[in-house]
Ligand code: IDP
Ligand code: MG
């Protein structure tokens with residue numbers, strides 16, 4: 093399995109609840125490397141662009157309002173099979189279906205406010221890393 097780079101982001105609920113360190117620790121203690129890190133706030137137009145694949149879905153407006161509501165911490169995570177491993181550490185989108193011990197199972201209480209984002213494919217990872225870190 094090749095070394096991959098993926099994008100992950102602590103969403104505003106994770107930042108607000110003091111879970112930045114928790115998320116970083118889980119990646120690092122699993123042997124993944126944080127190779128870029130940036131705290132910022134995404135205005136709604138940027139969040140709409142970031143989540144463009146979900147445009148038109150019933151939860152889109154709520155998702156955009158939530159992710160634009162406060163600071164986020166974006167990061168590049170590197171390692172063997174990093175895309176799948178980050179998603180395994182995060183847990184399922186719906187926290188009720190997430191495997192116990194995952195970030196979302198332990199900390200999320202709503203489907204939308206689920207603490208973290210992680211790229212779902214090599215194409216998404218490349219696009220999201222460029223979106224967040226391109227030009228910096
Ligand atoms: P993912 O974050 O696990 O990749 P996606 O399907 O890409 O999940 O959805 C993006 C984000 O949109 C989710 O993390 C969650 O915050 C929100 N979301 C997804 N599905 C729903 C839903 O059915 N209701 C409300 N919010 C949702
Ligand atoms: Mg997704």
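Residue numbers (the working numbering): 93 to 228.
Here a beta-carbon is modelled for each residue, glycine too, at the ideal position from N, C-alpha and C.
Cβ-Cβ distance between residue i and residue j below 8 Å
i	j	result
residue 104	residue 164	yes
residue 123	residue 171	yes
residue 190	residue 183	yes
residue 98	residue 155	no
residue 178	residue 210	yes
residue 243	residue 117	Since the first residue shown for the chain is 93 and the last is 228, residue 243 is missing from the structure and cannot be characterised.
Same chain, Cβ closer than 8 Å to residue i, five either side skipped, listed in chain order
i	result
residue 134	142, 159, 160, 164
residue 225	128, 130, 166, 168
residue 214	96, 175
Spatial neighbours of residue i in its chain, beta-carbon cut-off 6 Å, leaving aside the 5 residues before and after
i	result
residue 131	163, 165
residue 220	99, 211
Close Cβ partners of residue i (< 7 Å) along its chain, the five nearest in sequence each way excluded
i	result
residue 111	102, 199, 207
residue 107	162, 163, 164, 165
residue 139	156, 159, 160
residue 197	183, 187, 190, 191
residue 181	118, 119, 122, 194, 195
Heavy atom of the ligand MG within 7 Å of residue i beta-carbon
i	result
residue 212	yes
When the options are compared against residue i, the one with the closest alpha-carbon
i	options	result
residue 176	217, 154, 140	217
residue 201	95, 109, 215, 93	109
Residue i Cβ short of 7 Å to the ligand IDP heavy atom set
i	result
residue 206	yes
residue 185	yes
residue 134	no
residue 224	no
residue 111	no
residue 221	no
residue 126	no
residue 142	no
Residue i at chain B interface by Cβ criterion, 8 Å
i	result
residue 163	Here there is only one protein chain, and chain B is not present.
Q.
Quick check for students: name the residue ranges of the alpha helix (DSSP H) that lie wholly in the stretch 134 to 201, counting only runs of 4 or more.
A. The qualifying runs are 136 to 142, 152 to 159, 174 to 182, 195 to 199.
**Q.** Sequence ranges, beta strand (DSSP E) only - wholly within the stretch 95 to 141, length at least 3
**A.** Listed in chain order, the complete beta strand (DSSP E) runs (minimum 3 residues) inside the stretch 95 to 141 are 95 to 102, 125 to 132.
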